[in-house]
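Trainee: Just so you know, we're using the working numbering here: the sequence shown kicks off at 103 and counts up by one.
My questions will all concern the structure given below.
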Amino acid sequence: MKHDGWIPTACYQCKAECAILARVEDGKVKEIRGNPSGRGKACVKGMAGVSLQYSPDRITRPLKRVGERGEGRFEPVSWDEALDIIAAKLNELRDKGEAHKLTASFFPHSITDPKWRFLNAYGGFINTALPHCDSAKIVAFIKTMGGVPNHHIPPAWFTVPPGGIMIMAGRHAFGGLDDAAVPLDILEARRRGARLVVLDPFFSEDAAKADWWIPVRPSGDTALFLGMINHIIAREMYDRDFVENWIREGDFDKLKEYVRDKTPAAMSVICDVPAADIRKLAEMCAEAPSVGVDSFKGIMLGQALDFGHAWTIFLAITGNIDNPGGQPLPDLTPLSPVEPVPAGPSLAEKGFHVTGPDREKFRNYSFIMEPTWYQAQAIKNGGLKVLINSEANPALTEMGQSEWCRAVTMKENGAYKLELLVSYEIMLSETSKYADLVLPDKTYFERWELLYMPWWYNFGQGVLLRQPVVEAPGECRHSNEVFIELGKRLCPEYFAFRDDVEFYDIQLAGLGLSVAKLQDMGGIWSPGTMGFRKYRDAGGFGTPSKKIHLYWEDLEEAGQAMPRPGLAPEYEADAEAYPFILVSYRSIFHQGTGQWSHNNPQLRDPVSGLYENPALINPIAAEKLGIKDGDRVTIASRTGEIEATAKLSQRIRPDCIALHHGFGSSIGRVAASGSGVSDNALIPDAGTTLDWQDLVGGESHVSTRVRIQS
Ligand SMILES: Nc1nc2c(c(=O)[nH]1)N[C@H]1C(S)=C(S)[C@@H](COP(=O)(O)OP(=O)(O)OC[C@H]3O[C@@H](n4cnc5c(=O)[nH]c(N)nc54)[C@H](O)[C@@H]3O)O[C@H]1N2
Ligand SMILES: Nc1nc2c(c(=O)[nH]1)N[C@H]1C(S)=C(S)[C@@H](COP(=O)(O)OP(=O)(O)OC[C@H]3O[C@@H](n4cnc5c(=O)[nH]c(N)nc54)[C@H](O)[C@@H]3O)O[C@H]1N2
Ligand code: SF4
Ligand SMILES: [Mo]
Numbered sequence: 103m104k105h106d107g108w109i110p111t112a113c114y115q116c117k118a119e120c121a122i123l124a125r126v127e128d129g130k131v132k133e134i135r136g137n138p139s140g141r142g143k144a145c146v147k148g149m150a151g152v153s154l155q156y157s158p159d160r161i162t163r164p165l166k167r168v169g170e171r172g173e174g175r176f177e178p179v180s181w182d183e184a185l186d187i188i189a190a191k192l193n194e195l196r197d198k199g200e201a202h203k204l205t206a207s208f209f210p211h212s213i214t215d216p217k218w219r220f221l222n223a224y225g226g227f228i229n230t231a232l233p234h235c236d237s238a239k240i241v242a243f244i245k246t247m248g249g250v251p252n253h254h255i256p257p258a259w260f261t262v263p264p265g266g267i268m269i270m271a272g273r274h275a276f277g278g279l280d281d282a283a284v285p286l287d288i289l290e291a292r293r294r295g296a297r298l299v300v301l302d303p304f305f306s307e308d309a310a311k312a313d314w315w316i317p318v319r320p321s322g323d324t325a326l327f328l329g330m331i332n333h334i335i336a337r338e339m340y341d342r343d344f345v346e347n348w349i350r351e352g353d354f355d356k357l358k359e360y361v362r363d364k365t366p367a368a369m370s371v372i373c374d375v376p377a378a379d380i381r382k383l384a385e386m387c388a389e390a391p392s393v394g395v396d397s398f399k400g401i402m403l404g405q406a407l408d409f410g411h412a413w414t415i416f417l418a419i420t421g422n423i424d425n426p427g428g429q430p431l432p433d434l435t436p437l438s439p440v441e442p443v444p445a446g447p448s449l450a451e452k453g454f455h456v457t458g459p460d461r462e463k464f465r466n467y468s469f470i471m472e473p474t475w476y477q478a479q480a481i482k483n484g485g486l487k488v489l490i491n492s493e494a495n496p497a498l499t500e501m502g503q504s505e506w507c508r509a510v511t512m513k514e515n516g517a518y519k520l521e522l523l524v525s526y527e528i529m530l531s532e533t534s535k536y537a538d539l540v541l542p543d544k545t546y547f548e549r550w551e552l553l554y555m556p557w558w559y560n561f562g563q564g565v566l567l568r569q570p571v572v573e574a575p576g577e578c579r580h581s582n583e584v585f586i587e588l589g590k591r592l593c594p595e596y597f598a599f600r601d602d603v604e605f606y607d608i609q610l611a612g613l614g615l616s617v618a619k620l621q622d623m624g625g626i627w628s629p630g631t632m633g634f635r636k637y638r639d640a641g642g643f644g645t646p647s648k649k650i651h652l653y654w655e656d657l658e659e660a661g662q663a664m665p666r667p668g669l670a671p672e673y674e675a676d677a678e679a680y681p682f683i684l685v686s687y688r689s690i691f692h693q694g695t696g697q698w699s700h701n702n703p704q705l706r707d708p709v710s711g712l713y714e715n716p717a718l719i720n721p722i723a724a725e726k727l728g729i730k731d732g733d734r735v736t737i738a739s740r741t742g743e744i745e746a747t748a749k750l751s752q753r754i755r756p757d758c759i760a761l762h763h764g765f766g767s768s769i770g771r772v773a774a775s776g777s778g779v780s781d782n783a784l785i786p787d788a789g790t791t792l793d794w795q796d797l798v799g800g801e802s803h804v805s806t807r808v809r810i811q812s
């Protein structure tokens with residue numbers, strides 16, 4: 103443990119995990135700042151971390167359920183008893199040949215995470231919220247370019263040249279932060295003469311800073327991009343050199359033929375953006391020195407992969423791959439493997455999506471992790487028996503949240519179908535109310551973690567050390583320490599190292615580093631500047647042909663060899679009964695449903711924070727419905743209904759309603775006394791709408807159709 107002073111570590115008030123400095127005095131965290139060696143930024147949540155560290159709601163002892171799941175009644179137990187219960191259950195499962203019926207659901211901070219090693223060694227699966235974020239983008243990039251893009255990170259906005267264009271298409275960079283530096287990088291790029299274009303049905307903070315806000319119809323982005331592709335090809339404004347040298351032979355001709363009828367005029371009808379605007383944006387992009395496109399939640403609809411596909415085609419034909427201001431490709435410095443390396447179970451053979459009831463539908467699924475929504479389906483189906491949740495709150499974050507709650511409380515012959523549910527938490531959450539065991543985690547101020555992130559914004563190729571800056575209270579233990587202990591008990595051949603620090607040391611050895619050395623270096627290591635157009639020296643891209651694949655022959659049968667221009671299927675259905683589209687968004691004040699922010703008095707403060715989430719309704723729509731500002735309204739979908747306060751606002755299209763995601767916690771001193779409603783009470787569970795899913799890389803979950811009853 104370091105002593106008092108400014109100590110470098112990594113924030114975890116949200117999933118961006120920025121490099122920060124913590125000021126420690128008398129063994130207590132007093133203040134947070136961005137770490138100047140990590141570009142020096144921390145956001146309001148990051149700085150408010152101090153309030154939470156000393157919250158009276160912290161759990162400090164393991165708890166065991168008394169009563170039924172969901173009641174939230176617990177009694178303290180010892181760590182020994184808790185670990186014995188888990189180890190006995192896991193032994194029983196493995197003895198029956200059902201190790202794959204263990205799932206641990208956690209946020210994979212890094213491929214250095216020992217939880218992942220445990221699952222691979224034991225034979226269970228990681229099931230994570232990551233497919234919610236932008237899996238369609240990842241799958242689209244792999245299929246087109248053969249490389250994993252920098253997940254969770256946008257183009258490197260700090261590299262945009264003057265005149266470059268930054269397009270946010272379903273991306274809220276000033277609200278759903280990827281790094282506290284991103285908003286400033288975007289603003290600085292604009293100061294250098296770059297231009298910001300925001301496609302969003304909601305006038306986000308990004309839109310407020312933009313040169314051009316285009317309030318596209320929800321899910322119209324694919325049509326808009328296809329219209330631009332048509333125009334760029336028709337006018338021969340594409341990057342001839344890139345197309346001739348780096349696109350697989352024959353693909354460009356197929357594209358040309360495919361987009362012939364996808365004119366701006368035809369696409370305008372779908373996306374509700376004037377044809378003249380589609381042409382104008384296409385010409386701007388074709389003439390600009392660089393174009394970077396980013397999308398995130400806005401993409402995660404029933405035809406998510408079509409948009410990912412159209413987006414990558416657009417980048418390819420305009421020559422914006424691995425260039426300054428365009429889409430960077432990763433260049434990883436590998437860490438040393440920890441031998442022996444466990445192979446892990448085969449997702450294709452044993453994963454939920456193949457053991458589940460709709461296995462045929464998953465033939466084309468090509469993301470490496472199970473989506474969280476499949477938990478409920480697998481429990482019902484007997485495919486999931488033990489669920490260990492860490493840093494996740496599916497009882498509130500899952501669309502159709504009640505589906506998850508129903509599944510985990512489902513009984514057969516008097517016993518729960520899900521045989522064991524464990525929740526690691528810092529404070530009790532909606533999810534831990536259902537757990538059989540609640541384990542008290544160490545906070546990010548109290549634990550070691552090696553963050554090695556191919557998907558990282560600032561240090562795309564580097565490592566960042568999270569180190570304990572203060573002691574943990576009571577009996578808190580970090581989930582990684584506990585997984586290592588379970589590994590030592592259940593698969594000792596893979597856990598021969600002493601502890602988490604030694605595990606990280608082995609991985610760092612190949613870089614000539616160790617945890618202690620990293621500590622001395624200020625916690626950050628980066629191999630240097632990012633390289634551009636690396637495919638030239640590498641002899642091409644990671645695809646089989648070494649060229650860019652615009653045409654996906656493996657999806658011919660599914661009708662997705664080229665991007666389909668239609669709207670998301672969930673928006674096509676029920677338009678008469680449910681005339682509005684629900685759009686959910688984030689803000690800088692909160693991370694998901696996280697108790698860390700929703701239970702933080704600073705971030706929930708009505709003046710300096712964000713206390714509630716009224717439903718934003720356009721005044722034109724409100725007038726028709728006779729709704730006034732401040733009225734209580736009922737918003738209903740086919741899945742459920744909520745009561746919310748109406749806030750009339752021009753920030754949202756008249757055919758949509760905007761709701762801040764993540765509210766609705768009923769537990770914790772601050773969270774439970776606050777106001778706010780959960781969007782996921784309205785959104786259907788993805789597992790119950792498989793007909794809408796493309797089930798290749800995407801999922802439909804951020805939204806649904808709703809109606810307003812005043
Ligand atoms: N402060 C904060 N930062 C976070 C998080 C957080 O909760 N809080 N969460 C982290 C996580 S897990 C993630 S995945 C990222 C998410 O990062 P973002 O996806 O950038 O965050 P959201 O605010 O959900 O933004 C989605 C935007 O898409 C718009 N949108 C909805 N439908 C459409 C559409 O069809 N087309 C277009 N063009 N736009 C549409 C919405 O209006 C909204 O502005 O943020 C990460 N960072
Ligand atoms: N309607 C709608 N639903 C969505 C989204 C949306 O935009 N709209 N976004 C989706 C997306 S992209 C994602 S990624 C998911 C996110 O969903 P989740 O992965 O479930 O994440 P959070 O909502 O942030 O909840 C995180 C939980 O971890 C706890 N926690 C925080 N720090 C620690 C820690 O150090 N240790 C432990 N053990 N626990 C900790 C918090 O208190 C909180 O209860 O939600 C998805 N759900
Ligand atoms: S964006 Fe803010 S809350 Fe998220 S990790 Fe960075 S400083 Fe922390
Ligand atoms: Mo996410």
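Quick reminder that beta carbons are idealized off the backbone N, C-alpha and C, glycines included.
(1) Excluding five sequence neighbours on each side, which residues of the same chain lie with their C-beta closer than 7 angstroms to the C-beta of L750?
(2) Which residue comes first and which comes last in the beta strand (DSSP E) that contains V488?
(3) Quick one: does the C-beta of E505 sit closer than 7 angstroms to a heavy atom of ligand 2?
(4) Cutting at 7 angstroms between CB atoms, please list the residues of its own chain near Y114, excluding the five before and the five after it.
(5) Is T736 near ligand 2, judged by its Cβ being under 7 angstroms from some heavy atom?
(6) Buried or exposed: which applies to P138, given that a residue is buried once 16 or more other Cβ atoms fall within 10 Å of its Cβ?
(7) Measuring straight from C-alpha to C-alpha, what distance separates G322 and A748?
(8) Which class does S699 belong to by DSSP, given the choice of helix, strand or coil?
(9) For V361, does the count of other Cβ atoms within 10 angstroms reach 16, so buried, or fall short, so exposed?
(10) For ligand 4, is there any heavy atom lying closer than 7 angstroms to the beta carbon of A418?
(11) Which residues bound the alpha helix (DSSP H) around K311?
(12) Whole angstroms are fine: how far does the CA of A124 sit from the CA of S157?
(13) According to DSSP, simplified to helix, strand and coil, what is Q621?
(14) Using 8 angstroms as the threshold, is the C-beta distance between G404 and P665 below it?
(15) What is the residue span of the beta strand (DSSP E) that G136 lies within?
(16) What are the boundary residues of the beta strand (DSSP E) that F227 is part of?
(17) Below 7 angstroms, is the gap between the Cβ of H234 and the nearest heavy atom of ligand 4?
(18) Quick check: the Cα distance between K117 and Q693, rounded to an integer number of angstroms?
(19) What is the DSSP secondary structure of T806, reduced to helix, strand or coil?
(20) Near F561, which residues of its chain fall below 6 angstroms by C-beta distance, leaving aside the five closest residues on each side in sequence?
(21) Below 7 angstroms, is the gap between the Cβ of Y687 and the nearest heavy atom of ligand 1?
(22) Would you kindly check if the distance between the Cβ of L784 and the Cβ of I818 is under 8 angstroms?
(23) DSSP three-state label for W413, please.
(24) Return helix, strand or coil for C113, following the three-state DSSP convention.
(25) Per DSSP, which one or two residues make a beta bridge with C120?
(26) Name the residue from E548, M339, Q503 whose alpha carbon lies nearest to the alpha carbon of E532.
(27) DSSP on A517, reduced to helix/strand/coil?
(28) Under the three-state reduction of DSSP, which class applies to A291: helix, strand or coil?
(29) Would you identify the three-state DSSP class for D363, choosing helix, strand or coil?
(30) Are there 16 or more other CB atoms within 10 angstroms of the CB of T246, so buried, or fewer, so exposed?
(31) Over what stretch of residues does the beta strand (DSSP E) that includes R683 continue unbroken?
(32) How about S438 and G266: do their beta carbons lie closer than 8 angstroms?
(33) Can you tell which of P430, W108, G421 has its C-alpha closest to the C-alpha of D396?
(34) Who does M529 pair with in a DSSP beta bridge?
(35) According to DSSP, is A170 part of a helix, a strand, or is it coil?
(36) Sort out for me which residues DSSP pairs K749 with in a bridge.
Mentor: The structure says:
(1) Translated into positions along the sequence shown, residue 750 becomes position 648. I719, P721, A724, D731.
(2) As a working note, residue 488 is residue 386 in the sequence shown. Per DSSP, V488 belongs to the beta strand (DSSP E) from 488 to 492.
(3) Position 403 of the sequence shown, counting from 1, holds the residue named residue 505. Incorrect: E505 has no Cβ contact closer than 7 angstroms to ligand 2.
(4) Translated into the one-based positions of the sequence shown, residue 114 becomes position 12. Cβ neighbours of Y114 beyond the five flanking positions: Y546.
(5) As a working note, residue 736 is residue 634 in the sequence shown. Result no, Cβ not under 7 angstroms from ligand 2.
(6) Position 36 of the sequence shown, counting from 1, holds the residue named residue 138. Result: exposed.
(7) Walking along the sequence shown from the start, residue 322 turns up at place 220. Walking along the sequence shown from the start, residue 748 turns up at place 646. The alpha-carbon atoms of G322 and A748 are separated by roughly 26 angstroms.
(8) What you label residue 699 is simply residue 597 of the sequence shown in a count that begins at 1. DSSP, reduced to helix, strand and coil, places S699 within a helical segment of the structure shown.
(9) Mapped onto the sequence shown, residue 361 falls at position 259. Its Cβ being crowded by 16 or more others within 10 Å, V361 is buried.
(10) On the sequence shown, residue 418 is found 316 positions in, with the first residue counted as 1. No - ligand 4 has no heavy atom lying nearer than 7 angstroms to the Cβ of A418.
(11) Here residue 311 corresponds to residue number 209 of the sequence shown, with the count starting at 1. 307 to 311 is the span of the alpha helix (DSSP H), which, as asked, contains K311.
(12) Mapped onto the sequence shown, residue 157 falls at position 55. Mapped onto the sequence shown, residue 124 falls at position 22. Taking the straight line from one Cα to the other gives about 17 angstroms.
(13) Locating residue 621 in the sequence shown gives position 519, counting from the first residue. Helix.
(14) As a working note, residue 404 is residue 302 in the sequence shown. As a working note, residue 665 is residue 563 in the sequence shown. P665 is positioned such that its CB atom lies no closer than 8 angstroms to that of G404.
(15) Indexing the sequence shown from 1 puts residue 136 at position 34. Looking at the DSSP string, the run of the beta strand (DSSP E) that includes G136 is 130 to 136.
(16) One-based indexing of the sequence shown puts residue 227 at position 125. Its beta strand (DSSP E) spans residues 227 to 230.
(17) Locating residue 234 in the sequence shown gives position 132, counting from the first residue. For ligand 4, at least one heavy atom lies less than 7 angstroms from the Cβ of H234.
(18) In the sequence shown, counting from the first residue as 1, residue 117 sits at position 15. In the sequence shown, counting from the first residue as 1, residue 693 sits at position 591. The alpha-carbon atoms of K117 and Q693 are separated by roughly 8 angstroms.
(19) As a position in the sequence shown, residue 806 is number 704, starting the count at 1. Of the three classes helix, strand and coil, the one that applies to T806 here is coil, per DSSP.
(20) For the purposes of this step, residue 561 is taken as residue 459 along the sequence shown, with counting starting at 1. At F561 the pLDDT is 49, less than 50, meaning the model places this residue with poor confidence; the figure from the coordinates comes in the next sentence. S628, listed in sequence order.
(21) Taking the sequence shown and counting its residues from 1, the one referred to as residue 687 is at position 585. It does: the Cβ of Y687 is within 7 angstroms (strictly closer) of some heavy atom of ligand 1.
(22) Here the chain comprises residues numbered 103 to 812, so residue 818 is not present and cannot be evaluated.
(23) Along the sequence shown, read from residue 1 onward, the residue named residue 413 stands at position 311. It is helical.
(24) Here residue 113 refers to the residue found at position 11 when the sequence shown is read from its first residue. When DSSP states are grouped into helix, strand and coil, C113 belongs to the coil group.
(25) Walking along the sequence shown from the start, residue 120 turns up at place 18. For C120, which the question treats as bridged, DSSP gives no partner whatsoever.
(26) Here residue 532 refers to the residue found at position 430 when the sequence shown is read from its first residue. For the residues E548, M339, Q503, the minimum Cα distance to E532 belongs to Q503.
(27) Numbered from its first residue, the sequence shown carries residue 517 at position 415. Here A517 carries a strand assignment [DSSP, helix/strand/coil].
(28) Mapped onto the sequence shown, residue 291 falls at position 189. Residue state, collapsed to three classes: helix.
(29) Locating residue 363 in the sequence shown gives position 261, counting from the first residue. Secondary structure of D363 (DSSP, three-state): coil.
(30) By 1-based counting over the sequence shown, the position of residue 246 is 144. T246 should be labelled buried.
(31) Along the sequence shown, read from residue 1 onward, the residue named residue 683 stands at position 581. Note on identity: in this sequence residue 683 is Ile, with Arg being the wrong assignment. Start and end: 682 to 687.
(32) For the purposes of this step, residue 438 is taken as the residue at position 336 of the sequence shown. For the purposes of this step, residue 266 is taken as the residue at position 164 of the sequence shown. Cβ distance not < 8 angstroms, so S438 and G266 don't count as in contact.
(33) On the sequence shown, residue 396 is found 294 positions in, with the first residue counted as 1. With distances taken between Cα atoms, D396 lies closest to P430.
(34) For the purposes of this step, residue 529 is identified with residue 427 of the sequence shown, where counting begins at 1. For M529, which the question treats as bridged, DSSP gives the partners R160.
(35) As a first step, residue 170 must be located in the sequence shown, where it is residue number 68. The sequence shown places Glu at residue 170, rather than the Ala named in the question. It is coil, neither helix nor strand.
(36) Position 647 of the sequence shown, counted from the first residue, corresponds to residue 749. Paired residue(s): L718.
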